[in-house]
Amino acid sequence: MLAYLVIREGSKWTDVFRLVEGRTVTIGRAPTNQIVIKDERCSRHHAEIFLSEGTWILRDLDSRNGTMVGENRVIGDHELKPGEIIRIAHAQMAFVHDLSAAFPDSPAAPKQEETAMGQDDDGDLHDDEDVLSAHEPTTITHRKGQTRFLERRSDDEDTSIPRVGRAAAKLCRIAFELANQPDIVSVANLALDGMLEATNVNAGALLLLPRDFPGAPSGSDLEVIAARTNDGVKYHRVSNFLATMVMREGEAVLARNVEGDSTLASRDSAGEIHATSVLCSPIRQEGKVLGLIHLYSTKPELVPDPDDLEFSLAVADNVALALKTLDREAELAENLNVSQVEVKQLRKQLGAASEIVGSSQLMLQVQQEITRAAPSRATVLIRGESGVGKELVARAVHYASPRKKGPFVCLNCAALSETLLESELFGHERGAFTGATDRKMGKFEAADKGTLMLDEIGEMSPTIQAKFLRVLEGHPFERVGGSRDIKVDVRTIAATNRDLEKAVADGTFRRDLYFRLRVVEILVPPLRKRPEDIIEIAEHFLRSYVAEAGRKIVGFTAEAREQLQNYRWPGNVREL
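Next comes the structure, spelled out in structure tokens:
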């Protein structure tokens with residue numbers, strides 16, 4: 070019958086000891102015991118635990134200060150029940166059949182006891198590093214919250230211990246190289262290479278939680294970023310129980326002799342557990358666990374010790390720093406990209422504003438209408454003769470609107486046949502018609518979260534008008550040859566030089582579409598009605614082309630100005 074002793078120090082568990090049928094576990098102060106309690110109040114041979122007729126028995130060995138279960142002193146033998154707390158001197162041991170039931174609610178340390186385990190009553194610490202130790206334990210798990218490799222040391226402190234010195238030097242090299250890695254995968258690979266070289270393990274992996282993971286994570290939420298094995302066999306993932314426990318507690322764990330224990334090691338496809346020892350260290354950043362480093366040994370001669378645990382925790386802390394550096398670099402790159410996009414958008418806005426040239430009263434009125442129309446979501450109908458600059462007005466509306474960071478997409482409806490116009494507007498699937506060799510996104514999809522400007526809207530066929538109207542009314546659409554509904558968020562600006570009222574009366578343009586488009590109307594006057602703008606526009610183009618061509622032209626002659634001013638400009642600004 071499988072059972073465990075969960076040994077606690079204060080309000081946290083420190084070791085896990087697996088009880089095995091046919092083996093008596095002895096507890097006491099003497100180093101020959103399997104569980105050693107370094108406390109003068111504990112007798113040299115204090116108590117023992119064994120299985121008898123299917124029941125685990127706790128026997129007090131006539132100890133000087135007694136053995137307690139809960140608040141009751143054990144006299145002779147006591148049948149242990151799951152959840153009972155054994156108290157010997159300052160040590161607390163929870164007896165459980167299921168490890169998952171041992172950790173959610175840690176009992177508080179006894180208030181009357183103020184000396185820590187591993188201390189004498191006078192407060193002096195023993196020289197031994199481990200608070201609790203065991204002689205050839207079935208399962209022992211060491212925990213570590215902080216590593217001494219990253220502690221500040223005084224100048225006179227002895228750091229010449231060979232192994233610690235080598236480990237510190239190795240850690241220095243790893244930390245330096247981690248700081249120069251370009252991405253997370255490179256960080257993971259470098260960390261694993263260093264740890265498999267420096268510790269008594271031969272397999273491992275670095276696992277991370279998804280970015281900004283909500284709620285309490287479990288082992289199944291972890292993603293393997295990189296894995297390594299020295300013997301060529303497949304890496305076996307960390308057990309969900311161990312991973313969840315390490316992430317919840319935020320402390321590193323060392324488990325030895327874990328063969329057959331599926332709570333601490335994973336089984337392969339044949340149901341076998343090959344690991345003999347397991348190391349698991351949390352990757353922590355500002356109080357939050359990002360993931361963990363999982364290392365294990367499959368060879369009995371490779372037995373990791375507390376120094377390996379400290380080293381893996383130190384590497385995990387350096388991995389956290391490297392990840393923070395990568396996040397910061399990504400944030401800076403993103404900010405730079407956003408700034409560049411904003412600069413580009415600002416240039417477009419300035420360009421859109423500067424493209425509309427003219428200080429006549431008619432053009433000032435157009436500018437006012439642009440300013441009024443831009444903030445709303447309303448559809449805009451821009452009317453005017455060919456060449457007056459209707460697209461420039463549409464562009465100015467877009468870049469003065471809340472959608473200015475979105476795309477501005479233009480399409481001339483007069484330049485395409487009905488089939489091609491439908492494909493351009495709504496897109497098509499591969500094989501939808503002859504020549505459709507690939508899937509194509511339509512202009513509506515391309516303009517999502519932005520503005521779609523449709524020039525020469527009056528040339529649209531009745532069939533396309535009907536489909537276009539449904540999209541304007543907020544309905545989804547399908548690509549040509551497709552069956553999946555597509556919904557977009559697009560503001561539509563239409564432009565035309567046709568007499569739409571006559572087209573509606575003639576039945577060539579839908580009345581409902583006409584009213585849907587004519588929510589806001591902007592009329593762009595022809596150049597002949599604003600002759601005072603002609604020279605200003607001409608000088609604008611002259612400056613632009615002089616700069617482009619690298620020529621030195623200072624302006625127009627008086628005769629040229631007169632000719633420009635008196636011409637009727639049937640082609641409007643485009644002709645000028």
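Residues are numbered in my numbering as their position in the sequence shown, beginning at 1, plus a constant of 69.
Quick reminder that beta carbons are idealized off the backbone N, C-alpha and C, glycines included.
For clarity, every value in this text was computed on a predicted model and none was experimentally measured.
Item to check | Contact between the segment 546 to 566 and the segment 508 to 522 (3+ Cβ pairs under 8 Å) | outcome: yes
Next on the checklist: Suppose the cutoff is 8 Å on Cβ atoms and the five residues either side in sequence are ignored; what does the same chain contact list for A629 look like?
Outcome noted: none
Checklist entry - Three or more beta-carbon pairs under 8 Å between the segment 636 to 645 and the segment 602 to 620, yes or no? => result yes
Item to check | Sequence-distant residues of its chain with Cβ nearer than 7 Å to Q250 (five each side left out) | outcome: V256, L259 and A391
Item to check | First through last residue of the beta strand (DSSP E) which encompasses P351 | outcome: S346 to Q354
Item to check | Strand pairing of T298, partner residues [DSSP] | outcome: A272
Checklist entry - Tell me which same chain residues have a C-beta within less than 7 Å of the C-beta of T298, skipping the five on either side of it? => result N271, A272 and Y304
Next on the checklist: Can you check which of these residues, R113, L247, L74 and T520, is closest to A163 by C-alpha distance?
Outcome noted: L74
Checklist entry - In the DSSP assignment, what are the bridge partners of Y365? => result A272 and V347
Checklist entry - Looking at the structure shown, is F537 part of a helix, part of a strand, or coil, going by DSSP? => result helix
Next on the checklist: Please classify R222 as buried or exposed, where buried requires at least 16 neighbouring CB atoms within 10 angstroms.
Outcome noted: Low confidence applies to R222: its pLDDT is 47, below 50, so where it sits in the model is not reliable, and the reading given next is rough at best. Under this definition R222 is an exposed residue.
Item to check | Where H166 sits in the DSSP three-state scheme | outcome: coil
Next on the checklist: Contact between the segment 109 to 118 and the segment 92 to 100 is defined here as three or more beta-carbon pairs at a separation below 8 Å; is this criterion met?
Outcome noted: yes
Checklist entry - Can you give the Cα-Cα distance for I465 and V615, rounded to whole angstroms? => result A small correction: the amino acid at residue 465 is Ala; Ile does not occupy that position in the sequence shown. If I take the Cα positions, the gap works out to 25 Å.
Checklist entry - Buried or exposed: which applies to L494, given that a residue is buried once 16 or more other Cβ atoms fall within 10 Å of its Cβ? => result buried
Checklist entry - So, helix, strand or coil for R156, using DSSP? => result strand
Checklist entry - Is the beta carbon of I526 sitting closer than 8 Å to the one on A564? => result yes
Checklist entry - Under the three-state reduction of DSSP, which class applies to F86: helix, strand or coil? => result strand
Next on the checklist: Check for me: the beta strand (DSSP E) holding E570 runs from which residue to which?
Outcome noted: Looking at the DSSP string, E570 is not in any beta strand (DSSP E); the run it does join, the alpha helix (DSSP H), is L569 to D575.
Item to check | Neighbour-count burial assignment, C482, 16 or more Cβ in a 10 Å radius | outcome: buried
Item to check | Cβ distance (whole Å) where E424 is taken to contact L450 below 8 Å | outcome: No, E424 and L450 are not in contact; Cβ-Cβ is about 20 Å, not under 8 Å.
Next on the checklist: Give me, in chain order, the residues of the same chain whose beta-carbon lies closer than 7 Å to that of G139; leave out the 5 immediate sequence neighbours on both sides.
Outcome noted: E153 and I154
Checklist entry - With burial defined as no fewer than 16 other Cβ atoms inside 10 Å of the residue's Cβ, what is the status of L168: buried or exposed? => result buried
Item to check | Per-residue burial, Q632 [other beta carbons within 10 Å of its own, 16 or more giving buried] | outcome: exposed
Item to check | Inter-stretch contact (C-beta, 8 Å, three-pair minimum) for the segment 579 to 587 and the segment 383 to 398 | outcome: no
Next on the checklist: Give me, in chain order, the residues of the same chain whose beta-carbon lies closer than 6 Å to that of L120; leave out the 5 immediate sequence neighbours on both sides.
Outcome noted: E90
Next on the checklist: Less than 8 Å between C-beta atoms, sequence neighbours within five positions excluded: which residues of the same chain meet that for E608?
Outcome noted: G624 and F625
Next on the checklist: Could you check whether the Cβ of D507 sits closer than 8 Å to any Cβ belonging to chain C?
Outcome noted: Checking the listed chains, one finds no chain C in this structure; it contains a single protein chain.
Item to check | Cβ neighbour criterion (16 or more within 10 Å) applied to V410 | outcome: exposed
Next on the checklist: Using a 10 Å radius around the Cβ and a threshold of 16 neighbouring Cβ atoms, would you call D386 buried or exposed?
Outcome noted: buried
Checklist entry - When DSSP builds the beta bridges, which residues end up paired with C111? => result DSSP lists no partner for C111.
Checklist entry - Given that a residue counts as buried once 16 or more other Cβ atoms are within 10 Å of its Cβ, and exposed if not, what is T440? => result exposed
Next on the checklist: Here's a check: name, in chain order, each residue in its chain whose Cβ is nearer than 6 Å to the Cβ of A72, leaving out the five neighbours to either side.
Outcome noted: L88, W125 and H166
Item to check | L359 - DSSP class collapsed to helix/strand/coil | outcome: strand
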